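Residue numbers (this note's numbering), protein chains in the order written: chain L, 3 to 345; chain V, 59 to 350.
Below: the structure, in structure tokens.
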């Protein structure tokens, strides 16, 4: 009988764990997201051929939501903690970068990582408190967070209260003015997607997925669930905050009723649910669909109330009939096209 | 001194209205374990029924109250059959239903906003702007009547649950769903009935709200968090707890509003919700929430 020392057992466990965490689907396609990224990087060349500002704007907007939805997915998808209040971190990032930009003139694109870190730090602290409850209580506390933040920002005179602060526009010619933000958001979207892939297939990500399956079992299997959850919260806040930072300069103003809207908060959640929570391609796919839906509704029907109605209906239908989302449902049926398999 | 009494009275009067707004939410959670985030948007629907009845036919909101309650109870039956019955077997039931009711709230907001626009509305029967005076202290008639009617309805509900033949199975299901089912209670029917009653109470509350607050469809987000704070402080599922919490918090909010500033008054509810969830998630009278 072979004798094993404690260190060998630990080493064997480590190797097995990282093997388990690193398991990737052999059928996954890496070429499709990379091709997509290349196409997006080349897209602004269309400006030489004519005025494609609207297309650029829509792509930029989609890329921003991909950052937010992918960030949200780390907490909501991998860990299974549904937060309806992540828009708070969008506002924190937006206000921090916007205020520094207004006072010191440093571009928000440079500030974005720092805004993300600040949002992550605030997220870490909020997570320490709110992640003590789970299930419906957690969801409700996240909603309360939005309401609290809204009142605080609306009455905080330093950041302009309810009127907000106007930011200077850049002085590029109109056809190129959107480009810095466009590239910033595309880069962030690529980074967020890559990062969530790396997180999902790390040992940390394995811990998160274990928590979403059964937190008590995860805890008894030796996973420090509290640390995992709070860190996941902070990471997801980081991405949302980063997106918020650049959005303020792009819009040229920061204001509570732009940065703290429940509808935007829901959109993030809905994109993940529709596309497929806990998958890598899900948030991106969901974002493209929801942005397209929103454009169609606003363009054809105009009123924002109808937009709210449609968002609600889409959310109800996808929750009731496809709770795993498009990517999740197709994967379960073994019919997922390879180009959508990014895991 | 007069200030303190006055503030307390205004807080208590509002507390009565909040109590009815929260009661239905609490009942539905107790029986079905559904946190109905759509509840405030259904209250909004009740308020619009009262508003248009008053505006078009001059009917007093207090008279239209039973009608609003009946219409909303019917809606409740429909919603239960269409949406919630099939979710009963869902693995992540509680999270699933929260998200579903959240989506439902958006559907209601969108519907009401599309049909009635986002203009501020309020019904104005003559008592809504009138008040009783006792020495220096005034008691607004509208809020007093609303609070009294609300407490009347809640007492009737409590008596119904406590002493009627239909109340027993509802209470049994609240206490332990599986055990009740084992003893032959038709929990599906009980769930349907209590969901209908809960939503019906939203309709009744809507009729009262219509002359106490000015309202517009997207205001329900604010109400959600206010009502959740009552239900959570009272202990999820305890109707008595909800009523008590309504009085405690709205008096507290009235004092905050008077002494600190009107904008911070609603913040009282939000912060209270946060604090209760973290310090004592089971609230005053609730059971310790199940894990997972």
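Just so it is clear, CB atoms sit at the ideal spot from N, CA and C, and this is done for glycine as well.
Values in this document were obtained by computation on a predicted structure and should not be read as measured data.
Counting the other CB atoms within 10 Å of its CB gives residue 98 of chain V a total of 16 or more, which places it among the buried residues. DSSP lists V:189 as the bridge partner or partners of residue 198 of chain V.
The region 114-158 of chain L is shown to contain whole alpha helix (DSSP H) runs of 4 or more residues at 138-156, in chain order.
Given a length threshold of 4 residues, each whole run of the alpha helix (DSSP H) inside the region 87-129 of chain V is given here in chain order: 97-115.
If you draw a straight line from the Cα of residue 323 of chain V to the Cα of residue 341 of chain V, it is about 21 Å long. With distances taken between CA atoms, residue 200 of chain V lies nearest to V:186 out of V:120, V:186, V:191.
Contacts between residue 213 of chain L and chain V, judged by CB atoms closer than 9 Å, are missing: the closest CB pair is about 11 Å apart. With fewer than three CB-CB distances shorter than 8 Å, the region 121-134 of chain V does not count as touching the region 233-245 of chain L. Taking C-beta atoms as the reference points, residue 84 of chain L and residue 157 of chain V count as a pair closer than 9 Å.
Counting only Cβ-Cβ distances below 7 Å, residue 152 of chain V has contacts in chain L at 137, 138, in chain order.
Secondary structure at residue 318 of chain V: coil, using DSSP grouped into helix, strand and coil. From the beta-carbon of residue 227 of chain L, no residue of chain V is found nearer than 9 Å; the closest lies around 11 Å away.
Taken atom to atom, the span from the alpha-carbon of residue 89 of chain L to that of residue 107 of chain L is near 25 Å. DSSP places residue 305 of chain V within a helical segment (H, G or I) once states are collapsed to three.
Against chain L, the CB of residue 282 of chain V has a partner CB under 9 Å away; the residue lies at that interface. For the options L:44, L:74, L:10, the alpha carbon positioned closest to that of residue 266 of chain L is the one of L:74. Sequence-distant partners of residue 79 of chain L (beyond 5 residues in either direction) whose C-beta falls short of 6 Å from its own C-beta, in its chain, are 274, 279, 280. Neighbourhood of residue 85 of chain L in chain V, by CB distance below 8 Å: empty, with the nearest CB roughly 12 Å away. Residue-level contact check: residue 147 of chain V does not touch chain L, since none of the beta carbons of chain L fall below 9 Å from its beta carbon. For residue 141 of chain V, the CB contacts under 8 Å within the same chain, skipping 5 residues up- and downstream, are 158, 162 in chain order. The residue from L:239, L:205, L:249 with its alpha-carbon nearest to that of residue 226 of chain L is L:205. Within the same chain, 214 come within 6 Å of residue 82 of chain L by CB-CB distance, once the 5 residues on both sides are set aside. When rounded, the separation of the alpha-carbon atoms in residue 97 of chain L and residue 314 of chain V is 28 Å.
About 6 Å separates the beta carbon of residue 106 of chain V from that of residue 170 of chain V, a gap short enough to meet the 8 Å contact definition. Residue pairing by DSSP puts residue 255 of chain L in a beta bridge opposite L:168. Along the region 288-318 of chain V, going in chain order, the ones with a CB nearer than 8 Å to a CB of chain L are 290. Chain V has no Cβ within less than 9 Å of the Cβ of residue 76 of chain L.
Rounded to the nearest angstrom, the Cβ distance from residue 163 of chain L to residue 255 of chain L is 13 Å, too far for a contact under 8 Å.
The DSSP-derived three-state label of residue 30 of chain L is coil. For the options V:283, V:252, V:291, V:263, the alpha carbon positioned closest to that of residue 135 of chain V is the one of V:252. Separation of residue 198 of chain V and residue 70 of chain V (C-alpha to C-alpha, rounded to the nearest whole angstrom) is 11 Å. Where residue 259 of chain V is concerned, the enclosing alpha helix (DSSP H) starts and stops at 245-270. Beta-bridge partners of residue 273 of chain V (DSSP): V:179. Of all residues in the region 264-291 of chain L, only 264, 265, 268, 271, 272, 275 place a beta-carbon less than 9 Å from a beta-carbon of chain V. Interface flag for residue 227 of chain V against chain L is unset, since no Cβ pair is found closer than 9 Å. Under the 8 Å Cβ criterion, the region 171-181 of chain V does not count as touching the region 331-344 of chain L, having fewer than three qualifying pairs.
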